[in-house]
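Everything below concerns the one structure shown next.
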Amino acid sequence: DAGITQSPRYKITETGRQVTLMCHQTWSHSYMFWYRQDLGHGLRLIYYSAAADITDKGEVPDGYVVSRSKTENFPLTLESATRSQTSVYFCASSPGQPIRGGYTFGSGTRLTVV
Amino acid sequence: AQSVTQLDSQVPVFEEAPVELRCNYSSSVSVYLFWYVQYPNQGLQLLLKYLSGSTLVESINGFEAEFNKSQTSFHLRKPSVHISDTAEYFCAVSDRTGGGADGLTFGKGTHLIIQP
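Sequences listed follow chains C and P, in order. Add 212 to the 1-based position in the first sequence for this note's numbering, that's all there is to it. Add 54 to the 1-based position in the second sequence for this note's numbering, that's all there is to it.
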């Protein structure tokens with residue numbers, strides 16, 4: 213199916229564990245983004261990527277790692293999960309700059325760190 | 055760099071009443087403007103956008119927004135709301151010149167609550 217898909221939809225993990233959130237898009241969009249959404253903070257950019265093998269930090273990158281070996285995939289890894297990383301994570305993509313068409317968002321991953 | 059301010063975190067409105075969700079932005083360059091809607095337990099969906107031309111833009115479900123350059127605003131309005139409009143609404147801006155490589159800047163969102 214065409215679109216942008218995130219997996220898993222829900223995840224519970226323990227403090228200190230490594231966890232990877234997956235994001236896959238079928239349009240070959242150049243740009244991909246990871247956001248976290250928290251009450252009172254809205255959407256905060258974690259990392260973004262302008263193309264395969266090109267990534268850069270956003271507003272809140274600490275504790276996260278990304279990679280982009282293929283244009284269609286942009287996984288987000290929490291190296292050692294903390295309770296403060298409990299959040300809803302959204303992946304988004306865009307064909308290029310400037311952002312005329314806006315983003316297309318995935319449905320989100322709700323992560324709980326216990 | 056740009057910033058977006060949504061002054062109201064929550065707006066309660068009675069069904070069939072009009073509503074305005076406020077959005078102000080600041081930027082040193084020209085911008086594109088967007089409104090996104092997020093229904094419960096879903097991702098964000100593009101509601102409408104302003105790129106150029108007429109300053110009044112409309113969505114397919116009755117919302118409209120007007121770009122006001124002098125007031126740096128892009129307020130969202132609907133003349134008569136329905137229960138199904140209950141959602142979180144996000145205003146966003148992007149750098150028209152393409153210099154903002156990190157894409158869209160979002161406001162913190164406004165929760166629209168429709169009361170029967």
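Note that beta-carbon positions come from the ideal geometry of N, C-alpha and C, so glycine has one too.
(request) Check the Cβ-Cβ distances between S305 (chain C) and every residue of chain P, and say whether any is below 8 Å. (result) In the first sequence, counting from the first residue as 1, residue 305 (chain C) sits at position 93. Cβ-Cβ to chain P under 8 Å: no for S305 (chain C).
(request) Compare the C-alpha of A304 (chain C) against each of C:T294, C:E284, C:L290 and name the closest. (result) Here residue 304 (chain C) refers to the residue found at position 92 when the first sequence is read from its first residue. The shortest C-alpha separation from A304 (chain C) is found at C:E284.
(message) I want to see whether chain P comes within less than 8 Å of F286 (chain C), judged by CB atoms only; does it?
(response) By 1-based counting over the first sequence, the position of residue 286 (chain C) is 74. Taking Cβ atoms only, chain P never reaches closer than 8 Å to F286 (chain C), which makes this a no.
(request) Measure the CB-CB distance between K103 (chain P) and G314 (chain C) and report whether it falls below 8 Å. (result) Counting from one through the second sequence, the residue named residue 103 (chain P) turns up at place 49. Counting from one through the first sequence, the residue named residue 314 (chain C) turns up at place 102. In contact: K103 (chain P) and G314 (chain C) (Cβ atoms closer than 8 Å).
(request) Closer than 7 Å by C-beta to P220 (chain C): which residues in its own chain qualify, once you throw out the five before and the five after it? Chain order, please. (result) By one-based count along the first sequence, residue 220 (chain C) stands at place 8. Within the same chain, P220 (chain C) has close Cβ partners T321.
(message) Short of 7 Å in beta carbon distance, which residues of its chain neighbour E226 (chain C), apart from the five on each side in sequence? Order them along the chain.
(response) Here residue 226 (chain C) corresponds to residue number 14 of the first sequence, with the count starting at 1. Result list for E226 (chain C): V326, in chain order.
(message) When you compare the stretch 76-90 of chain P with the stretch 148-167 of chain P, are there three or more beta-carbon pairs, one atom per stretch, that lie closer than 8 Å?
(response) yes
(message) If contact is defined by three or more beta carbon pairs under 8 Å, each pair taking one atom from either stretch, is the stretch 232-246 of chain C in contact with the stretch 285-298 of chain C?
(response) Cβ pair count under 8 Å is three or more, so yes.
(request) To the nearest angstrom, report how far apart Q237 (chain C) and Q297 (chain C) are at their CA atoms. (result) Position 25 of the first sequence, counting from 1, holds the residue named residue 237 (chain C). Position 85 of the first sequence, counting from 1, holds the residue named residue 297 (chain C). So the alpha carbons of these two residues sit roughly 24 Å apart.
(message) Buried or exposed for S306 (chain C), going by 16 or more other Cβ atoms inside 10 Å?
(response) Reading the first sequence from its first residue, position 94 is the one you call residue 306 (chain C). Burial call: buried.
(request) Flag G161 (chain P) as yes if its beta-carbon sits less than 8 Å from any beta-carbon of chain C, otherwise no. (result) To locate residue 161 (chain P), count along the second sequence from 1; it is residue 107. At least one chain C Cβ lies under 8 Å of G161 (chain P).
(message) If distances are taken between C-alpha atoms only, which option among C:G252, C:L251, C:A264 comes closest to F245 (chain C)?
(response) Here residue 245 (chain C) is taken as the residue at index 33 of the first sequence, counted from 1. Closest by alpha carbon: C:A264.
(request) Establish whether the CB of Y86 (chain P) and some CB of chain C are separated by less than 8 Å. (result) Counting from 1 along the second sequence, the entry for residue 86 (chain P) is found at position 32. True, the Cβ-Cβ gap to chain C drops below 8 Å.
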